[in-house]
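Asker: Here it is, the structure, as structure tokens.
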Amino acid sequence: MMTQPPVAIVTGSSRGAGRGIATALGSHGAIVYVTGRSQKEGQASMPGTIHATAAEVTAAGGQGIAVACDSSKDEEVAALVERVIAEQGRVDILINNACAIYDELSMPGNFWEKPLKIGDMINVGVRSGFVASWHVAPHMVKQDRGLILFTSSPGAMHYCFGPAYGAHKAGMDKMAFDMGVDFADAGSKVAAVSIWMGALTSERLLEMMAAEPEKFKHLEGQLESTGLTGHVAWALYNDPKLLDYNGKTLVGADMAKHYGITDLGGQFAPSFREATGIAPVEYGAYKVK
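The sequence shown runs 1230 to 1518 under our numbering.
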């Protein structure tokens, strides 16, 4: 039986979804390692730092620990996990949220008309999530319990911001499935899942909506808080039936409703599946190893 609060790592948590997820986990009493590159305001185009998020985690009731980590650098990710194990002796929840998102991603134009750097989100996203999971997995398997969660979106199944964005989201979903197969084959009680988040109350989207209200009018009343996925992650981790979700891509709003987790205005978050009929891929059971 655990004698300490669950230990979580949330990558890319200076702002946006990561910040909300980290703070939500903190509200449940978790020890949360907040990672990212922004240590001072002004270092990024959007506000937010790892230290501010860590303070919010602690204020929410948990313990926030800020760690500067560039998820594009394997050695920094390795050092992060080594530090967590040295200080806490375990990792219970890993939220793979780090991603390189540039302002140009959402600008008009075809993918070849935008800077090549927008492709970085495939590296700082898919690959960095694999690297973090690779370092965390042996510890979770040894302790025979854990949750690896990838933050994804319906952009995995429909066009949204172009091929780099789509490849990133589809990659997260498939990686969760394949990791889940390996965890199951190992007979472990570790689960890997991918969560489709909705349109979030992130600093970036709120700024975009304020700048072009007509363009984003359809999102009025359709937003999901950045913290919802953190509450869903907590519910999943504590669910005795966690392994039933291993390898699956889940719609966050649907899971929140399943667990009775309300969101903005005390209402259940709007479900993309219900609104559009678009659902995550059900990957096949056939495998070659």
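Each residue gets a CB set at the ideal place from its N, CA and C atoms; glycine is no exception.
Mind reading off the beta-carbon distance from Ile-1279 to Thr-1264? Whole number of angstroms is fine, and I expect it under 8 Å.
Answerer: Right, the Cβ-Cβ distance comes to about 7 Å (below 8 Å), so this counts as a contact.
Asker: Please report how far the alpha carbon of Trp-1363 lies from the alpha carbon of Gly-1409, in whole angstroms.
Answerer: Rounded to the nearest angstrom, the two C-alpha atoms are 13 Å apart.
Asker: Would you report the Cα separation of Gly-1245 and Tyr-1262, rounded to the nearest angstrom?
Answerer: Their backbone Cα atoms lie some 16 Å apart in a straight line.
Asker: Using the Cα positions of Ala-1307 and Ala-1297, report the straight-line distance between them to the nearest angstrom.
Answerer: About 12 Å.
Asker: Can you say whether Pro-1469 is buried or exposed, counting buried as having 16 or more other CB atoms within 10 angstroms of its CB?
Answerer: When all chains shown are included, Pro-1469 counts as exposed.
Asker: Count the other CB atoms, across all protein chains shown, that sit within 10 Å of the CB of Ile-1507; report buried if there are 16 or more and exposed otherwise.
Answerer: With fewer than 16 Cβ atoms within 10 Å of its Cβ, Ile-1507 is classed as exposed.
Asker: Can you look up Ser-1202 in the DSSP assignment and give me helix, strand or coil?
Answerer: As shown, the chain starts at 1230 and ends at 1518. That puts residue 1202 outside it, with no answer to give.
Asker: At which residues does the alpha helix (DSSP H) containing Phe-1501 begin and terminate?
Answerer: Note, Phe-1501: alpha helix (DSSP H), 1501-1505.
Asker: Could you check whether the stretch 1374-1381 touches the stretch 1418-1425, counting it as contact only if at least three pairs of C-beta atoms, one from each stretch, sit closer than 8 Å?
Answerer: Judged by Cβ distances under 8 Å, the stretch 1374-1381 makes contact with the stretch 1418-1425, as three or more pairs qualify.
Asker: Using a threshold of 8 Å, state whether the C-beta atoms of Ala-1420 and Leu-1471 are closer than that.
Answerer: Contact: yes.
Asker: Can you tell me which of the three DSSP states Asn-1352 falls into?
Answerer: DSSP places Asn-1352 in helix when its eight states are reduced to three.
Asker: Return helix, strand or coil for Ser-1381, following the three-state DSSP convention.
Answerer: Ser-1381 falls in the strand class under three-state DSSP.
Asker: Bridge partners for Leu-1334 per DSSP, in chain order?
Answerer: None, per the DSSP bridge assignment.
Asker: Under a three-way DSSP split, which group does Ser-1357 fall into?
Answerer: In the structure shown, Ser-1357 sits in a helix (DSSP, three-state: H, G or I).
Asker: Which first and last residues belong to the alpha helix (DSSP H) in which Tyr-1466 is found?
Answerer: Element bounds for Tyr-1466: 1457-1466.
Asker: Mind checking which residues open and close the alpha helix (DSSP H) that includes Lys-1393?
Answerer: The question names Lys, but residue 1393 is Ala in the sequence shown. Element bounds for Ala-1393: 1392-1414.
Asker: Just reading off the alpha helix (DSSP H) that Thr-1278 is part of, what are its end residues?
Answerer: Note, Thr-1278: premise wrong, no alpha helix (DSSP H); not H, not E.
Asker: Look up Thr-1264 in the DSSP assignment and give the residues it is bridged to.
Answerer: In DSSP, Thr-1264 forms a bridge with Val-1296.
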